[in-house]
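Novice: FYI, my numbering numbers position 135 of the sequence shown as 171, with every residue one higher than the one before it.
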Amino acid sequence: MRSILSFITCFFIYVSGYAQPSLLTENNETRLLQIEDTLKDLSREMINNPLTVLRIKNDSAFVRTLVRALRVPHSFYFPFDSVETVSKLYAPDSAFRIFTWQFERDSNYFRQRGAIQMRTKDGSLQLYPLIDISDFTTKPTDSVRSGNQWIGAIYYNITVHEYNGKKYYTLFGFDDYSNLAVRKWIDVLTFDEQGKPQFGAPIFKYKPDSSKPAQPAYRFVLEYKKDGRAKLNYDKDLKLIIFDHG
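(1) With DSSP as the reference, identify every bridge partner of glycine 209, one or two as the case may be.
(2) Evaluate contact between the region 115 to 122 and the region 160 to 179, counting only Cβ atoms and requiring at least three cross-stretch pairs below 8 angstroms.
(3) Among Pro244, Arg219 and Glu198, which has the Cα closest to the Cα of threonine 226?
(4) Spell out whether any CB of chain D is found under 8 angstroms from the CB atom of asparagine 63.
(5) From lysine 220 to leucine 163, what distance separates their C-alpha atoms?
(6) From the DSSP output, which residues share a beta bridge with glutamate 259?
(7) List the residues that DSSP assigns as beta-bridge partners of leucine 163.
(8) Between the alpha carbons of threonine 74 and arginine 149, how many angstroms are there, rounded?
(9) Ordered along the chain, which non-local residues of its own chain (more than five positions away) have a Cβ less than 6 angstroms from that of lysine 203?
(10) Just mark isoleucine 134 as buried or exposed, buried being the case when its beta carbon has 16 or more other beta carbons within 10 Å.
(11) Under 8 angstroms Cβ to Cβ from aspartate 271, same chain only, skipping five residues before and after it: list those, please.
(12) Using the C-alpha atoms, what's the distance from phenylalanine 208 back to leucine 68?
(13) Here's the rule I'm using: 16 or more other beta-carbon atoms within 10 Å means buried, otherwise exposed. How should aspartate 171 be labelled?
(14) For glycine 188, which residues in the same chain have their Cβ closer than 6 angstroms to its Cβ, ignoring the five residues on either side in sequence?
(15) What does the alpha-carbon distance come out to for the pair asparagine 64 and tyrosine 213?
(16) If we ignore side chains and look at the alpha-carbon of each, how far apart do glutamine 230 and glutamate 72 end up?
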């Protein structure tokens, strides 16, 4: 079934991305390359190790090592390309990047991890951890949430639009959810007056449907069977979010 989800884009001005020159010194890049090797190994083990206790151990070590890497001045410009089990998305306007990955305790317990690194003029670290509380709410689509109340997802796309002088970043994400079902999410990221991230906005419009969240919805979720498929992404030409599932 093919559907179209209006995103009120008639009020938005699309803001395209632009490349940023790297401010990394050669010495700092060398340091990050060395740490990246460790992160690459830890990231594989925290996903693929067959023992839960070792996945937990490597996940914790990965977080500590990632923070150590990000403390290197101007680490924002280092891509961590070899850390393949972690999503690393730069905002189209290069204001920040967002790291997300998945932790699996068992076949029925999946939790997302994440952090937002802001681009700073002096290269210092400004980092916002994302705490997945999906297991602790029965209404994940009903409100604006801080990074400490994040509805977790592994993000695979990000767009930015502007409305009344404020930027809205649209995040498209994947969640393994359980051994029976998979979820895909659309969330909206903004920053408050203190510059802290906020997730969610009541800007989704669609025809009432029992398979979709009740309106007003502050984020959109599409749930389908583990052996099913679903496409959920933004079409730049149509200026619409399109999903296809069956």
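Glycine residues also receive a C-beta, built at the ideal position from the N, C-alpha and C atoms. Bear in mind that the values here come from a model prediction, so they are computed numbers and not experimental data.
Specialist: The short version:
(1) Residue pairing of glycine 209 in beta bridges, as defined by DSSP: Tyr191 and Trp221.
(2) No, they do not touch.
(3) The residue among Pro244, Arg219 and Glu198 with its C-alpha nearest the C-alpha of threonine 226 is Glu198.
(4) Absent from the structure: chain D. Only one protein chain is present.
(5) Taken atom to atom, the span from the alpha-carbon of lysine 220 to that of leucine 163 is near 25 angstroms.
(6) The partner list for glutamate 259 (beta bridge, DSSP) reads Arg219.
(7) When beta bridges are read from the DSSP output, leucine 163 appears opposite Gln153.
(8) Their backbone Cα atoms lie some 18 angstroms apart in a straight line.
(9) Val196, listed in sequence order.
(10) Buried is the call here.
(11) Hits under 8 angstroms: Ile277 and Ile278.
(12) If I take the Cα positions, the gap works out to 28 angstroms.
(13) When all chains shown are included, aspartate 171 counts as exposed.
(14) The answer, listed in chain order, is Gln148, Asp168 and Ser170.
(15) Those two C-alpha atoms are separated by around 38 angstroms.
(16) Distance between glutamine 230 and glutamate 72, taken at the CA atoms: about 31 angstroms.
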